[in-house]
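Peer 1: Have a look at this one.
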Amino acid sequence: MPSAPSSPSLAPPLPTPADLTIRVRDWRFARKAPPQRWWLGGDPVATAWHNALSATFPRGEAFFIEAVRAHREGAPAPLAAAIRAFVGQEVNHSREHLAFNRLAAEAGYDLSGIDQRVTALLGRMRGRPVILNLATTIALEHFTAMLAHDLLARPSAYAGADADTLALWRWHAIEEIEHKGVAFDTWLHATRSWSRWRRWRLRCVMMLLITRMFVRNRIADTLDLLRQDGITGAGAQLRVLWWLFGSPGALRRVFPAWLGYFRPGFHPWHRDDRALIAPAEAEAARVGGGL
Ligand SMILES: [Fe+2]
Ligand SMILES: [Fe+2]
Numbered sequence: 111m112p113s114a115p116s117s118p119s120l121a122p123p124l125p126t127p128a129d130l131t132i133r134v135r136d137w138r139f140a141r142k143a144p145p146q147r148w149w150l151g152g153d154p155v156a157t158a159w160h161n162a163l164s165a166t167f168p169r170g171e172a173f174f175i176e177a178v179r180a181h182r183e184g185a186p187a188p189l190a191a192a193i194r195a196f197v198g199q200e201v202n203h204s205r206e207h208l209a210f211n212r213l214a215a216e217a218g219y220d221l222s223g224i225d226q227r228v229t230a231l232l233g234r235m236r237g238r239p240v241i242l243n244l245a246t247t248i249a250l251e252h253f254t255a256m257l258a259h260d261l262l263a264r265p266s267a268y269a270g271a272d273a274d275t276l277a278l279w280r281w282h283a284i285e286e287i288e289h290k291g292v293a294f295d296t297w298l299h300a301t302r303s304w305s306r307w308r309r310w311r312l313r314c315v316m317m318l319l320i321t322r323m324f325v326r327n328r329i330a331d332t333l334d335l336l337r338q339d340g341i342t343g344a345g346a347q348l349r350v351l352w353w354l355f356g357s358p359g360a361l362r363r364v365f366p367a368w369l370g371y372f373r374p375g376f377h378p379w380h381r382d383d384r385a386l387i388a389p390a391e392a393e394a395a396r397v398g399g400g401l
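In our numbering, the protein residues as written are 111 to 401.
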């Protein structure tokens, strides 16, 4: 991708691979309910964590689209094309997770509390300078890229999952990896006149704030859903914390990648993990109608 002509010293060639394809797969999932309520191997905690994430996706992804679009003006042609593909992918993700969330509601889960909390939080964010929304988006896109990498890198952790439901998550993970650099490259474009120090400082401060918020809120949401399964109290809290930070350690495992974000000069494509895509794609295509 060409560097910004206005500040060549601050905009070296981007690490985004020149041969990267961001493919919008307009596939359909989650049109029939999983055979069991705890679709992820019969594990209530793992299922609740994923259901809680899904409940936040439609509104969260709309926020990401808004934040990226607000800074597309003057983008070089390859970045403008990448932004269009990013929007196409995120719109489809929202549609499919809305369908998934409807199935969860039909299964008896009340997701309205999570939805209200996300709506209120995003409403507060929308009142801020738009560059802060983009800084928020690159932090959260790093979270989704890390979790997507982990999902595709450890098929054994999902061995007991309902195949059709897992296909939805794999499809989403594939596309999150493909577009993981788009918001970040938009950020580099939007802040091209900033000093490296100013850019690094805001990016890192925002990551710390977002991490606190993301971890706290997703745990609260997971506990909300577990309560609806009758799993409550200190025992529920310990089970969630152990699942996230002990074994299998969904958040513990992404800690090194999280830490990497604080490195000056960090870019999501310093880790090229496109090799994870092909093995996961065939099964997602079969279920989603892409084959
Ligand atoms: Fe997405
Ligand atoms: Fe994304």
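For glycine and all other residues, C-beta sits at the position ideal for the given N, C-alpha and C.
Is any beta-carbon of chain D found at less than 8 Å from that of H282?
Peer 2: This model lacks chain D altogether, as it is built from one protein chain only.
Peer 1: How would you label R235, buried or exposed, when you count the other beta carbons within 10 angstroms and need 16 or more for buried?
Peer 2: By one-based count along the sequence shown, residue 235 stands at place 125. At residue 235 the sequence reads Met, which differs from the Arg that was named. Burial call: exposed.
Peer 1: Identify the residues that DSSP records as bridge partners of A271: which are they?
Peer 2: Here residue 271 refers to the residue found at position 161 of the sequence shown. According to DSSP, A271 bridges with L150.
Peer 1: Could you give the first and the last residue of the continuous alpha helix (DSSP H) run that contains G198?
Peer 2: In the sequence shown, counting from the first residue as 1, residue 198 sits at position 88. First-last of the alpha helix (DSSP H) with G198: A187 to E216.
Peer 1: Residue ranges of each alpha helix (DSSP H) run of no fewer than 4 residues wholly in the region 219-261, ordered along the chain?
Peer 2: Counting whole runs of 4 or more residues, the region 219-261 contains the alpha helix (DSSP H) stretches 222-236.
Peer 1: Could you tell me the distance, in whole angstroms, from the CA atom of E285 to the CA atom of A172?
Peer 2: Here residue 285 refers to the residue found at position 175 of the sequence shown. Here residue 172 refers to the residue found at position 62 of the sequence shown. E285 and A172: Cα-Cα distance of roughly 16 Å.
Peer 1: In three-state terms, what does DSSP make of S357?
Peer 2: To locate residue 357, count along the sequence shown from 1; it is residue 247. Residue state, collapsed to three classes: coil.
Peer 1: At which residues does the alpha helix (DSSP H) containing P366 begin and terminate?
Peer 2: Start at 1 with the first residue of the sequence shown, and residue 366 comes out as number 256. Here the alpha helix (DSSP H) through P366 covers F365 to G370.
Peer 1: Take D260 as the anchor and find which of P127, D383 and I132 has the nearest alpha-carbon.
Peer 2: The residue labelled residue 260 in the question sits at position 150 within the sequence shown. Comparing Cα positions, the closest option is D383.
Peer 1: Ordered along the chain, which non-local residues of its own chain (more than five positions away) have a Cβ less than 6 Å from that of T332?
Peer 2: In the sequence shown, residue 332 corresponds to position 222, counting from 1. Taken in chain order, the residues that qualify are A158, W159, A162 and V350.
Peer 1: Taking the alpha carbon of P378 as the reference point, which residue from A330, A300 and T296 has its own alpha carbon closest?
Peer 2: Taking the first residue of the sequence shown as position 1, residue 378 is located at position 268. Of A330, A300 and T296, the residue nearest in Cα terms is T296.
Peer 1: Does the distance between the C-beta of E391 and the nearest non-hydrogen atom of ligand 1 fall short of 7 Å?
Peer 2: For the purposes of this step, residue 391 is taken as the residue at position 281 of the sequence shown. Taking the Cβ of E391 as the reference point, every heavy atom of ligand 1 lies at 7 Å or farther away.
Peer 1: Do F196 and H289 have their C-beta atoms within less than 8 Å of each other?
Peer 2: Along the sequence shown, read from residue 1 onward, the residue named residue 196 stands at position 86. Along the sequence shown, read from residue 1 onward, the residue named residue 289 stands at position 179. Yes, the Cβ-Cβ distance between F196 and H289 is below 8 Å.
Peer 1: Which first and last residues belong to the alpha helix (DSSP H) in which W297 is found?
Peer 2: Taking the sequence shown and counting its residues from 1, the one referred to as residue 297 is at position 187. Start and end: V292 to A300.
Peer 1: For ligand 1, any of its heavy atoms closer than 7 Å to the Cβ of T342?
Peer 2: One-based indexing of the sequence shown puts residue 342 at position 232. For ligand 1, not one heavy atom lies less than 7 Å from the Cβ of T342.
Peer 1: Nearest CA to the CA of R264: which residue from A390, G152 and R337?
Peer 2: Start at 1 with the first residue of the sequence shown, and residue 264 comes out as number 154. Of A390, G152 and R337, the residue nearest in Cα terms is A390.
Peer 1: Is there contact between the region 329-344 and the region 216-224, where contact requires at least three CB pairs shorter than 8 Å?
Peer 2: yes
Peer 1: Alpha carbon to alpha carbon, how far is I287 from A245? Give it in angstroms, no decimals.
Peer 2: Counted from its first residue, the sequence shown places residue 245 at position 135. Counted from its first residue, the sequence shown places residue 287 at position 177. For A245 and I287, the distance between alpha carbons rounds to 19 Å.
Peer 1: Taking C-beta to C-beta, are V241 and A293 nearer than 8 Å?
Peer 2: Counted from its first residue, the sequence shown places residue 241 at position 131. Counted from its first residue, the sequence shown places residue 293 at position 183. Checking the sequence, you will find Ile at residue 241 rather than Val. Between I241 and A293, the gap from beta carbon to beta carbon reaches 8 Å or more.
Peer 1: Secondary structure at E286, three-state DSSP: helix, strand or coil?
Peer 2: Position 176 of the sequence shown holds residue 286. Assigned with DSSP and collapsed to three states, E286 falls in helix.
Peer 1: Based on Cα-Cα distance, which residue from R313, G356 and A140 lies nearest to E206?
Peer 2: Residue 206 sits at position 96 when you count from the first residue of the sequence shown. Nearest of R313, G356 and A140 to E206, Cα basis: A140.
Peer 1: Check for me: the alpha helix (DSSP H) holding P389 runs from which residue to which?
Peer 2: Working through the sequence shown from its first residue, we reach residue 389 at position 279. That run of the alpha helix (DSSP H) goes I387 to G398.
Peer 1: Would you check whether ligand 1 has a heavy atom nearer than 7 Å to the C-beta of H203?
Peer 2: Translated into the one-based positions of the sequence shown, residue 203 becomes position 93. Yes, ligand 1 has a heavy atom inside 7 Å of this Cβ.
Peer 1: Figure out for me which residue from G291, A277 and F174 has the closest Cα to the Cα of P127.
Peer 2: As a working mapping, residue 127 is identified with position 17 in the sequence shown. With distances taken between Cα atoms, P127 lies closest to G291.
Peer 1: Let's see if you can read the secondary structure: which residues bound the alpha helix (DSSP H) around D339?
Peer 2: Taking the first residue of the sequence shown as position 1, residue 339 is located at position 229. Run containing D339: none; DSSP gives neither H nor E here.
Peer 1: By the three-class DSSP mapping on this structure, what secondary structure does W137 have?
Peer 2: The residue you call residue 137 lines up with position 27 of the sequence shown. Note: W137 maps to coil in three-state DSSP.
Peer 1: Give the secondary structure of R306 by DSSP, where H, G and I count as helix, E and B as strand, and everything else as coil.
Peer 2: To locate residue 306, count along the sequence shown from 1; it is residue 196. It is helical.
Peer 1: Report buried or exposed for T166, applying the criterion of at least 16 other Cβ atoms within 10 angstroms of its Cβ.
Peer 2: The residue given as residue 166 occupies position 56 in the sequence shown. T166 comes out buried.
Peer 1: Considering only the beta carbon of each residue, do F365 and E251 sit closer than 8 Å?
Peer 2: Reading the sequence shown from its first residue, position 255 is the one you call residue 365. Reading the sequence shown from its first residue, position 141 is the one you call residue 251. Cβ distance not < 8 Å, so F365 and E251 don't count as in contact.
Peer 1: Quick check: the Cα distance between A344 and W148, rounded to an integer number of angstroms?
Peer 2: Counted from its first residue, the sequence shown places residue 344 at position 234. Counted from its first residue, the sequence shown places residue 148 at position 38. So the two alpha carbons sit approximately 21 Å from each other.
Peer 1: Give me, in chain order, the residues of the same chain whose beta-carbon lies closer than 6 Å to that of S116; leave out the 5 immediate sequence neighbours on both sides.
Peer 2: Locating residue 116 in the sequence shown gives position 6, where the first residue counts as 1. The pLDDT assigned to S116 is 40, lower than 50, so where the model puts this residue is not dependable; a value taken from the coordinates is nonetheless given after this. For S116, where only same-chain residues beyond five positions count, there are no Cβ hits under 6 Å.
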